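Peer 1: Once you know that position 426 of the sequence shown is 425 in numbering that gives the first Met the number 0, the rest is easy, because the numbers rise by one and skip nothing.
A virtual CB, placed ideally from N, CA and C, is assigned to each residue, including glycine.
Fair warning: this is a prediction, and the values are worked out from it, not measured in the lab.
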Amino acid sequence: MTDRFEIDRMVDTDRGVISRELFVNRDVFDAELERVFTRAWLLVGHEGLIPDPDDYFVSRMGKDSVILTRNQQNEIMVFLNSCPHRGMKVCRYDQGNEAVFTCPYHGWSFSTNRDRVEVPGQLVGVPHFEAGYSGNLDRVKWGLPRCPNVINYKGSIWASWDPDAPAFEDYLGDMKLYLDTALDHRDGAPGGSELLGGVQKWRIRCNWKTVSENFAGDLYHGISHQSANLAEIGMATGKSRRDALPLRHAIGFEGLGHGGLGFPPSYEERPFIPDQYGDPEIDAYYKQVRTARERRLGDRMRVGLVVGTIFPNMSFHADQPRSLAFAHPISETEVEMWRIYLVDADAPKAVKDMLRHYYMRYSGPGGMTESDDMENWTSVTAASEGAIARRHGFNYQLGMGKEQPVEGLRGAVDSGNYSEGNARIYYRRWAQFMKEMSWDDMAPPQTKSTVEVAHGD
Ligand code: FES
Ligand SMILES: [Fe+2]
């Protein structure tokens with residue numbers, strides 16, 4: 000089921016047919032953990048979760064539990080959260096502040112502080128060290144395995160276990176232009192965001208790719224959200240979120256697997272930033288957001304994205320309001336979703352309150368729009384596990400043949416309003432990983448990027 004031939008048969012984007020086995024098969028899932036999640040760059044957190052030295056946040060990379068932490072020297076690091084002695088979780092909390100991680104099983108302890116250890120993560124405490132090990136135990140070798148690649152990209156923290164992984168910005172390619180709209184401060188300065196509330200976590204009975212594919216660019220499922228839209232749950236007064244939007248385009252990045260719904264640089268209509276909230280302070284804030292954006296981007300101000308996915312399992316809502324989502328694989332038919340919400344740290348309290356309410360009614364486990372999606376995804380999964388259902392591949396033919404290159408963006412393809420072009424790009428990338436291609440062999444086309452987004456004034 001997971002050899003090269005089978006993968007090409009299961010992902011047939013020339014015909015626009017993808018096997019259901021991708022979403023229900025245990026062998027496929029196990030191979031993904033090894034071939035996708037040990038190599039790709041994965042979102043593991045945000046600096047707002049670990050603002051101070053010794054702060055930690057327990058995250059996940061595939062099915063591996065990892066500790067994201069900031070040491071006393073302010074270096075951000077990621078360690079495997081599994082004791083080298085017998086595998087116990089050395090950190091059993093979700094988040095906190097700890098100078099030393101002590102395993103609760105037999106008591107080995109580990110430090111990241113360079114004043115105490117040569118190699119961060121190394122063993123500093125071993126009960127009965129003399130009596131049990133005669134003082135002979137390699138404290139570095141038996142330290143916590145450390146992830147070799149970790150980057151703080153505008154406050155978002157990403158990691159890859161593969162020492163040969165390309166630089167994060169190469170992995171991102173020109174999708175960076177769109178991810179930046181989720182991460183940058185309203186004046187264009189990198190970062191400058193804080194988290195609104197904590198991390199929402201919940202599980203859904205569906206495959207992780209079902210979620211990531213949807214956020215990569217499914218504009219076709221408007222019917223699912225009609226009741227939520229009728230309830231006018233949007234940010235601005237008298238409008239649902241979707242009413243305020245001009246029709247978006249599916250923009251995908253061939254060879255990288257990323258994609259989203261938004262506007263190519265040449266787009267003519269005005270971008271989405273509503274500015275009537277029925278509250279003068281909030282109206283003034285969003286007027287400022289719009290003005291800052293126009294000043295920053297000039298005639299490129301139309302560039303924007305509403306929702307997108309960075310391959311394999313990170314999705315985001317961009318451009319005020321902003322949120323980052325993780326789709327952690329649990330099993331072939333279960334995903335653990337995490338969602339964090341961003342706001343400019345210096346936004347007025349009225350804006351933060353408005354956004355907090357909006358996020359709760361729109362997104363997350365209780366959000367009206369996300370609930371619609373979850374209902375679909377769990378039902379898709381339950382109805383695809385049967386022996387007969389598995390024989391019938393899914394149809395991914397929407398918008399086939401309409402793909403056009405996007406001028407100025409490397410490898411970018413605009414496949415129009417109603418298209419599964421981004422999903423086809425996503426699964427072609429998935430197939431590359433599953434066939435264990437080298438990074439060189441799966442490098443994206445390298446035409447020169449001409450669109451740059453300037454930051455700050
Ligand atoms: S499992 Fe951690 S000290 Fe034994
Ligand atoms: Fe949706």
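1. Between K200, N312, A283, G221, which has its C-alpha nearest R428's C-alpha?
2. Could you pull out every residue in the same chain whose Cβ sits closer than 8 Å to the Cβ of R85, ignoring the five residues on either side in sequence?
3. Would you kindly report the start and end of the unbroken alpha helix (DSSP H) that includes Y426?
4. Does the pairing of the segment 15–29 with the segment 121–136 give three or more beta-carbon distances under 8 Å?
5. With ligand 1 as the reference, list in chain order each residue whose Cβ lies under 7 Å from any of its heavy atoms.
6. Tell me whether the beta-carbon of D161 lies closer than 8 Å to the beta-carbon of R38.
7. Following a CB-centred definition, is T380 positioned closer than 7 Å to any heavy atom of ligand 2?
8. Could you tell me the distance, in whole angstroms, from the CA atom of R247 to the CA atom of N213?
9. For M300 and S211, what's the separation of their Cα atoms in angstroms?
10. List the DSSP bridge partners of W438.
11. Please classify L178 as buried or exposed, where buried requires at least 16 neighbouring CB atoms within 10 angstroms.
12. What residues in its chain sit with their C-beta under 7 Å from that of W141, if we drop five residues either side in the sequence?
13. Where do the ends of the alpha helix (DSSP H) carrying T37 lie?
14. Where does V116 sit, in a helix, a strand or coil, going by DSSP?
15. Looking at C-alpha atoms only, which residue of S383, Y361, V412, A324 is the closest neighbour of V41?
16. Helix, strand or coil for P263, going by three-state DSSP, please let me know.
17. Going residue by residue through the segment 110–161, where are the continuous alpha helix (DSSP H) segments of at least 4 residues, counting only ones entirely within it?
18. For D173, tell me which candidate among R138, M76, Y284, E406 has the shortest Cα-Cα distance.
19. Looking at the structure shown, is R409 part of a helix, part of a strand, or coil, going by DSSP?
20. Can you list, in chain order, the residues of its chain whose CB lies under 7 Å from that of D418, leaving out five sequence neighbours each side?
21. I'd like the span of the alpha helix (DSSP H) that includes H316, first residue to last.
22. Measure the C-alpha to C-alpha separation of R321 and T209 and round it to an integer number of angstroms.
23. State the Cα-Cα distance for the pair D93 and H127, rounded to the nearest angstrom.
24. Could you give the distance in angstroms between the alpha-carbon of Y426 and the alpha-carbon of V10?
25. Buried or exposed, going by whether 16 or more other CB atoms sit within 10 Å of the CB of I66?
26. Is S223 near ligand 2 - that is, is its Cβ less than 7 Å away from at least one heavy atom of it?
27. Could you check which residue in G216, S383, P328 has the C-alpha nearest to that of V412?
28. Count the other CB atoms within 10 Å of the CB of D13; is the residue buried (16 or more) or exposed (fewer)?
29. So G154 and G47 are in contact, right, with Cβ under 8 Å, and what is the actual spacing, rounded?
30. Cβ of H220 within 7 Å of any heavy atom in ligand 2?
31. Could you check the C-alpha separation between D456 and A344 for me, to the nearest Å?
32. Is N213 near ligand 2, with its Cβ less than 7 Å from a heavy atom?
Peer 2: Result, derived from the coordinates:
1. Reading the sequence shown from its first residue, position 429 is the one you call residue 428. Of the candidates K200, N312, A283, G221, the one whose C-alpha sits nearest the C-alpha of R428 is N312.
2. Start at 1 with the first residue of the sequence shown, and residue 85 comes out as number 86. For R85, where only same-chain residues beyond five positions count, the Cβ hits under 8 Å are Y104, H105.
3. Your numbering for residue 426 matches position 427 in the sequence shown. Residues 420–433.
4. no
5. Sorted by chain position, residues whose beta-carbon lies closer than 7 Å to a non-hydrogen atom of ligand 1 are C82, H84, R85, G86, M87, V89, C102, Y104, H105, G106, W107.
6. Along the sequence shown, one-based indexing puts residue 161 at 162. Along the sequence shown, one-based indexing puts residue 38 at 39. Yes, the Cβ-Cβ distance between D161 and R38 is below 8 Å.
7. Locating residue 380 in the sequence shown gives position 381, where the first residue counts as 1. Result no, Cβ not under 7 Å from ligand 2.
8. As a first step, residue 247 is located in the sequence shown; it is residue number 248 there, counting from the start. As a first step, residue 213 is located in the sequence shown; it is residue number 214 there, counting from the start. So the alpha carbons of these two residues sit roughly 15 Å apart.
9. In the sequence shown, counting from the first residue as 1, residue 300 sits at position 301. In the sequence shown, counting from the first residue as 1, residue 211 sits at position 212. Low local confidence applies: a pLDDT of 48 at M300 is under 50, so the model's placement there is unreliable, with the coordinate-based value given in what follows. Approximately 27 Å between the Cα atoms of the pair.
10. The residue given as residue 438 occupies position 439 in the sequence shown. Paired residues: none, contrary to the question.
11. In the sequence shown, counting from the first residue as 1, residue 178 sits at position 179. Residue burial is scored here from C-beta neighbours: L178 has at least 16 other C-beta atoms within 10 angstroms and is therefore classed as buried.
12. Here residue 141 refers to the residue found at position 142 when the sequence shown is read from its first residue. For W141, where only same-chain residues beyond five positions count, the Cβ hits under 7 Å are P83, L122.
13. Counting from 1 along the sequence shown, the entry for residue 37 is found at position 38. Run containing T37: none; DSSP gives neither H nor E here.
14. Within the sequence shown, the letter at position 117 stands for residue 116. Here V116 sits in coil by DSSP.
15. If you number the sequence shown from 1, residue 41 lands on position 42. One point to set straight first is that residue 41 is Leu, not Val, in the sequence displayed. Considering only alpha carbons, the answer is A324.
16. Locating residue 263 in the sequence shown gives position 264, where the first residue counts as 1. In this structure, P263 counts as coil in the three-state DSSP scheme.
17. 128–132
18. Here the question's residue 173 lines up with position 174 in the sequence shown. Per the Cα distances, E406.
19. Taking the sequence shown and counting its residues from 1, one reaches residue 409 at position 410. Three-state DSSP puts R409 in coil, outside helix and strand.
20. Indexing the sequence shown from 1 puts residue 418 at position 419. Here the sequence assigns Ser to residue 418, which means Asp is not the residue at that position. Counting only Cβ-Cβ distances below 7 Å, and skipping sequence neighbours, we find A249, L397, G398, K401.
21. Your numbering for residue 316 matches position 317 in the sequence shown. Taken as a continuous stretch (DSSP letters only), H316 belongs to no alpha helix (DSSP H), being part of the beta strand (DSSP E) at 313–316.
22. Mapped onto the sequence shown, residue 321 falls at position 322. Mapped onto the sequence shown, residue 209 falls at position 210. Looking at the two C-alpha atoms, the distance is approximately 21 Å.
23. Translated into the one-based positions of the sequence shown, residue 93 becomes position 94. Translated into the one-based positions of the sequence shown, residue 127 becomes position 128. Those two C-alpha atoms are separated by around 29 Å.
24. Locating residue 426 in the sequence shown gives position 427, counting from the first residue. Locating residue 10 in the sequence shown gives position 11, counting from the first residue. So the alpha carbons of these two residues sit roughly 7 Å apart.
25. Within the sequence shown, numbered from 1, the residue matching residue 66 stands at position 67. Answer is buried; the Cβ neighbour count reaches 16.
26. Translated into the one-based positions of the sequence shown, residue 223 becomes position 224. Within the cutoff, so yes.
27. Looking up residue 412 in the sequence shown gives position 413. It is G216.
28. The residue given as residue 13 occupies position 14 in the sequence shown. Taking all protein chains shown into account, D13 has fewer than 16 neighbouring C-beta atoms within 10 Å of its C-beta and is therefore exposed.
29. Working through the sequence shown from its first residue, we reach residue 154 at position 155. Working through the sequence shown from its first residue, we reach residue 47 at position 48. Confirmed, about 7 Å.
30. In the sequence shown, residue 220 corresponds to position 221, counting from 1. Result yes, Cβ under 7 Å from ligand 2.
31. On the sequence shown, position 457 is the one that residue 456 refers to. On the sequence shown, position 345 is the one that residue 344 refers to. For D456, the pLDDT reaches just 30, beneath the cut-off of 50, and the residue's location in the model is therefore unreliable, leaving the point undetermined.
32. For the purposes of this step, residue 213 is taken as the residue at position 214 of the sequence shown. Yes.
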